[in-house]
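Chains as they are written, first to last, in our numbering: chain A, 44 to 528; chain B, 130 to 588. Working notes, beginning with the structure itself.
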Amino acid sequence: MLFNSLQYLVFLPTVFLLFWLTPHRFRVPLLLVASYVFYMSWRPIYGLLIFGLTLANFLIVPFIEKATEQKRKKVILGFTVALNLIVLAIFKYAYFTMDAVKATLGVVGVDWKEPHLHIILPLGISFFVFEFIHYAIEVYRGKPVVKNFLDFALFPSFFPTQIAGPIKRYQDFVPQLHIPVKFKWEYVDEGMQLILMGLAKKVLIADNLALVVQAGFAHPEQFSSLDMWLITYAFAFQIFFDFAGYTDIARGSSLLFGYKVPINFNLPYIASNVSDFWRRWHISLSTWLRDYLFIPLGGSRGSKWLTNRNLFITMALGGLWHGAAFHYLAWGAYQGIVLILHREYEAVMQKIGIHEKLLKSKVYHWASVVFTFHVVCIGWVFFRADDMKICGAVLSKLFEAPTALLNFSASQLAILQIRDPIIFPALVLILPVLMVSTFVINWLNDKKFYQSPPWAVQVTVMVALMCLLTIFTPDSSPRFIYFQF
Amino acid sequence: MTAAPHDTKENLDTQGSNQAFKRVVQDERMGGENQTVFRRRATDKLPPEKPRASGMRAATTWAILLFCLGNFALSFYNPIEFDPYDYLYRGWTWWGFNDMKKSPHVHNVALLGSSLMVSAVAGVDANYLNKTLDLSQYHKAKYLSDNLVTRFGGTFNCLNLSIPGQMPSDAYMTLKAMVATSNRPDVVVYGVAPRDFIDSTMSSAADTETFRFLRRIVNIDDVAANVFRTPYTRLEWFINRTFYISEHAADFQLKFKEGSENVVNKLVACPKTDHPFTWWNRIKLLPSYLPGEIRPQAVMTGPISEAEARKRWINNAPEYVERYKHPDKYVYRSQFYFLQEIAKFCKKERIELVLVNMPITSFNINLLGPKRYLQFLGDLHIFSMKNNIAFYDMCTPSNYSQQDFHDSVHLNAYGGKKFFDQLVNIISLSGRTRQAFALSGQDLERHQAVANSKPNHVQ
């Protein structure tokens, strides 16, 4: 069931009404049933998968708490994490592994006929597996286990966050289930505004930008270097609005039931360095990677070399988490490398002693924002390209930009010649607006405008969004990008 | 609108400490009784508490109310006049109706059917007229018209509204739309084939371009039960007809498209180049954008020599294996329902319906399975008898060889010629159809004579 589908338009209000009409003690079972209905509406059989993993984690993890010896705790934790990862590996990485093995064997002259498997990636598996691993590690670190099976089962399956996060923390989520909640219209107002805003981001912005991106990354040979930069910017905004839109709908849907789930984005394109970017982009994943991969690997406690190694491994595996393909791995590795370079740069600047002064300079800050945005955009090429060949073609185009800029003329821009669909030439108008709006929103945040928008503004925005979404929602809206992960 | 209003630094700070976050959550979920105490102790930064919204003060309530009232007012006053024929998506049906609307001629015979009929008409006419035909602009059946004149006398003007993939539900909409736009034909020749009733790649009648375009012109209330397969598609239809903005979403989209094109064209000049970007370039660049849309010169058929036509053969078996893969009983039943509705509508409008089972190769029949094919044929016979419809089974392997086809189902120019010759022959053999065609020819001749004499009479 897609958030931008008619099914969800029926499903959500139905569950919402039932939830608030039901006494508190029946609300968790109600949400659990609703969440399984939501999940099984796609492929009913995969309901068994999420249930099986839930049951296994619920039964095994308490043994970590009960174990008195540290070694024993570690063994059970290792077993739990391995069990979750094996399930993820089977469903997500089987084809990728077989392809890699086949290619490797091919190098040494062995022609291996790989078995033909019929594995369809279950929706949201990467997200709920990470939630299970988080739970096991937290219990290992001394946090209490969840005693009630229904509460525990709702934690990974909670329908607003089930398919594409945000990745929740059980210490934040489960306690909310126990508090006898009273209906408040604030929940509805905030929730509805988030849902409408999220849908607008997806339908009005991301889906339109997708047309340009799709063309550019399918046929980079048809576009000039400057075109490819514009297309890459377009993808940067497409993926942001797509995923931020999803997160808004997820958070809005949760709020309708009075539950808060973590945020995922905090204006990532105003980050002044890559480290800052990762504190603002897919926050629930980056904090998960920090807490359950980077820190267990040793974090930044060891030598410089070890810290850099840990960073690289964390980001590369984070890349692979996004998809079983070399270009995702390359994207992760790229992020790891740029984070290492950033650390090294900061260390050098601090050594020289001009770091503090520079940081305070506004010019330096805004130059850093622009530079970081471009570094991130180059990373998005690895992410978006269908394979490494396309990735190479797009990157080589991007690096021709200095020469193209020296001989700039409007005729270089192929996107200006495409008048159908009009989004192609409109890109030169839309992209600056999107870029500037990021800074405007940051300014409005500083002025605390969003904390208390006037009532009339809220109503007007909601009505306008309802009208726009009614008009522009296509009959079959494309899926969210993060659904495939 | 670049970020969620709640993705703010403040929120991040609040979540920085799990403990504080939990306390805020707990406090809020308790109904806010301890909010002031908590805030005073823990977070001085938070803005002063707003008065709690009641149902009548909630922004959502008012937004929904205003949205509904606005739609109601727009439906009541109908302030904008939209042209139902002006449509964003220009597929085969749109071009057919566009041509029909522009045509000053009265059409007394209409041809309906899928690509089997399109292919037969286009092939035979390109050879007959000895010119290349642009199928987005050409909707006549000249060879058939002249053949009918020769056989029955009078005047015949055939309009070909068959389109690739047309199912009985589409044919029903097409016929109703023809009549709704004052183009009532006297006779309808409807060529059917098994694919039209069991295509596995179609989930419901409402999925086609024809249906989506023509429901702007035709009222489908009476057949709604059979159009919408799931409660959701039915709900979508209900929403569309209830809310003005939803009903006219395509019109608003078109206006927005035109408006944004104007603005962008004014602000962003199109650089002059030797190779301007064409529709063909777009198809290559964005194959999945508006699939099925056609433009002038997108589908052309030219004259072809007999030797060349008989030599040409395309193996489309994989396509038909897919189409016949999972024959859907629901689709089969619902398409027969629409055939029934066509028969009813023709009776009501006093239109003579001639149902024709189109020739296909025995190879294709084997792909479908002879048992299924015979059942289909039997059902057509029963249907025609029950509804007292003229039905001709033209799919006789003895009459057509593989050389008459350019793939397993589509007749080539020479197969098409054979088909129309035999059709006219069969029509003339049956008293009922002979009389219908003869009367129609005479009527149109008389009509044209009156129309031609009008200016003299006025003088």
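Cβ coordinates follow ideal geometry from the N, Cα and C atoms, glycine included. Model, not experiment: these values are computed from the prediction.
The alpha carbon of residue 73(A) has as its nearest neighbour, out of 112(A), 85(A), 201(A) and 120(A), the alpha carbon of 201(A). A Cβ-Cβ contact shorter than 9 angstroms links residue 165(A) with residue 86(A). Taking 9 angstroms as the threshold, the shortest C-beta distance from residue 209(B) to chain A does not fall below it. Residue contact check for residue 509(A) against chain B: a CB pair falls below 9 angstroms. Residue range 268-299 is occupied by the alpha helix (DSSP H) that includes residue 285(A).
Taking the CA atoms as reference points, residue 82(A) sits about 22 angstroms from residue 102(A). Bounds of the beta strand (DSSP E) holding residue 287(B) are 287-289.
Taking a 10 Å sphere around the C-beta of residue 339(B), we find 16 or more other C-beta atoms and assign the residue as buried.
At least one CB of chain B lies nearer than 9 angstroms to the CB of residue 459(A).
Comparing alpha carbon positions, the residue from 441(A), 396(A) and 418(A) closest to residue 379(A) is 418(A). Put simply, of 330(A), 354(A) and 329(A) the residue whose alpha carbon is nearest the alpha carbon of residue 341(A) is 354(A). Per the DSSP secondary-structure output, residue 89(A) pairs with nothing in a beta bridge. Interface residue (Cβ-Cβ distance to chain B less than 9 angstroms): residue 367(A) is not classified as such. Exclusion of the five residues before and after residue 217(A) leaves 189, 194 and 198 as the residues of its chain whose Cβ lies within less than 7 angstroms of its Cβ. Closer than 9 angstroms to the CB of residue 186(B) there is at least one CB belonging to chain A. The criterion of a C-beta distance shorter than 9 angstroms is satisfied by residue 314(B) and residue 239(B). Following the DSSP letters along the chain, one finds residue 345(A) in no beta strand (DSSP E), marked with neither H nor E.
Residue pairing by DSSP places residue 512(A) in no beta bridge whatsoever.
Here DSSP, grouped into helix, strand and coil, assigns residue 492(B) to helix. Between the alpha carbons of residue 442(B) and residue 294(B) lies a gap of roughly 20 angstroms. Sequence-ordered contacts of the stretch 344-378 of chain B with chain A read 360, 361, 362, 364, 365, 368, 372, 374, 375, 377 and 378 [C-beta pairs closer than 9 angstroms]. Judged by DSSP secondary structure, residue 520(B) falls outside any alpha helix (DSSP H) and instead within the beta strand (DSSP E) spanning 519-522. When DSSP assignments are scanned along the stretch 443-479 of chain A, the uninterrupted stretches of alpha helix (DSSP H) that are 4 or more residues long and fall wholly within it turn out to be 444-449. Only those residues of the stretch 428-458 of chain B whose C-beta falls short of 8 angstroms from the nearest C-beta of chain A would be listed, and there are none. Taking the Cβ atoms as the reference, residue 213(A) lies roughly 11 angstroms from residue 100(A), outside the contact range of under 8 angstroms. Note on residue 147(A): under 16 other CB atoms within 10 angstroms of its CB, so exposed under the neighbour-count rule. Proximity of chain B to residue 165(A) at the Cβ level (cut-off 8 angstroms) is not reached, the minimal Cβ distance being about 23 angstroms. Counting along the chain, residue 481(B) sits inside the beta strand (DSSP E) bounded by residues 481-486. A check of alpha carbon separations from residue 241(B) across 229(B), 299(B), 473(B) and 201(B) identifies 299(B) as the nearest. Residue 546(B) and residue 435(B) have their C-alpha atoms spaced approximately 11 angstroms apart.
In the displayed model, residue 53(A) falls within a helix according to three-state DSSP.
Within 9 angstroms of the CB of residue 254(A), the CB atoms of chain B belong to 415 and 418, in sequence order along the chain.
The criterion of a C-beta distance shorter than 9 angstroms is satisfied by residue 134(A) and residue 162(A). Rounded to whole angstroms, the Cβ separation of residue 104(A) and residue 182(A) is 5 angstroms, and the two are in contact under 8 angstroms.
For residue 199(B), a Cβ of chain A is located within less than 9 angstroms of the residue's own Cβ.
Using a CB distance cut-off of 9 angstroms, residue 200(A) does not count as an interface residue toward chain B.
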